[in-house]
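Note sheet for the following structure.
Numbering (our numbering), first residue to last: 1025 to 1337.
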């Protein structure tokens, strides 16, 4: 079984890149990687199971139409059976296009390796993350997007070849005027620690206490949809049903009531800590640990305790 993994490398190799290659390697067979951009560290993917890497450096922008053409070109050239993406912004835009062009079944947001004893079954979240479902792919070719933090990257100690290509993809009918890289030291979709806040912060001027805690923990920052909608925080920090779905090891929710739409994006977190003045807030029902208190009192003390603990370690 030969697999093809798409890796976006313009901003450097992310953790999700190593996760998707590891996922493909565990499926068995050769692992081919296709990428675009100018990053020169792609050969590192060989240590996680990739045997060959194709890179088209002429395609530098995140144009879903052209990226889909590139992936399909390599998939047909190599005769792969499975195409794998990370379930991030780019993956969610490109995977359906590739699925349609290859006439392949699509699994969006897989969270485990497939069960192949009786067909090809993939586990996914359903009902806004309240339950799990099994998706059976009947087609011979398959396209899978893997939810970040669903598998631990594993080194294989192998190497790979890197081949530069020009796929002659033509021009796109999309006009990309500007590309902005999200701020923050840790990319949200693959962050293992996340500090998030809602309207309980009362305004954007108070966000420093959230950022201070996140910095002390080495965590990413996130927010609820109402916060993003009113412009307190950028939309790329929005987690929930209509934002990012994340699966960190630790999710700290500050001043967020816990609407079902928000829970849909975070209930895959391994540990959830909720801080809220309202002891009846729905989020406490989903929490592993809860603090009934004012975030303006709790967060500075929390940050101070983390710094003290790290200083003594």
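Note that the Cβ used here is the ideal one computed from N, Cα and C, for glycine as well.
Asked, Found
"Pairwise C-alpha distance: residue 1237 and residue 1334", "13 angstroms"
"Classification of residue 1307 by the beta-carbon crowding that lies within 10 angstroms, buried from 16 upward", "buried"
"First and last residue of the uninterrupted beta strand (DSSP E) at residue 1130", "1129-1134"
"Within the stretch 1199-1253, ranges of the beta strand (DSSP E) (whole runs, at least 3 residues)", "1217-1221, 1244-1247"
"Status (buried if at least 16 other CB within 10 Å, exposed otherwise) for residue 1162", "exposed"
"Contact between the stretch 1167-1177 and the stretch 1034-1044 (3+ Cβ pairs under 8 angstroms)", "yes"
"In chain order, each beta strand (DSSP E) run of at least 3 residues that lies wholly inside the stretch 1072-1135", "1076-1080, 1106-1110, 1129-1134"
"Integer Cβ distance of residue 1227 from residue 1166, believed to fall under 8 angstroms", "That belief does not hold up - the Cβ atoms of residue 1227 and residue 1166 are roughly 47 angstroms apart, past 8 angstroms."
"Sequence-distant residues of the same chain with beta carbon closer than 7 angstroms to residue 1120, five excluded per side", "1130"
"Identified DSSP bridge partners for residue 1059", "1031, 1079"
"For residue 1313: DSSP bridge partner residues", "1297"
"Terminal residues of the alpha helix (DSSP H) in which residue 1180 lies", "From DSSP, residue 1180 is part of no alpha helix (DSSP H); its letter is neither H nor E."
"First through last residue of the beta strand (DSSP E) which encompasses residue 1276", "1274-1278"
"Same chain only: Cβ atoms within 6 angstroms of residue 980, ignoring 5 sequence neighbours per side", "No answer is possible for residue 980: the residues shown for the chain start at 1025 and end at 1337."
"Bridge partner(s) assigned by DSSP for residue 1149", "1156"
"Of the residues 1169, 1114, 1325, 1103, the one placed nearest residue 1056, counting alpha carbons only", "1103"
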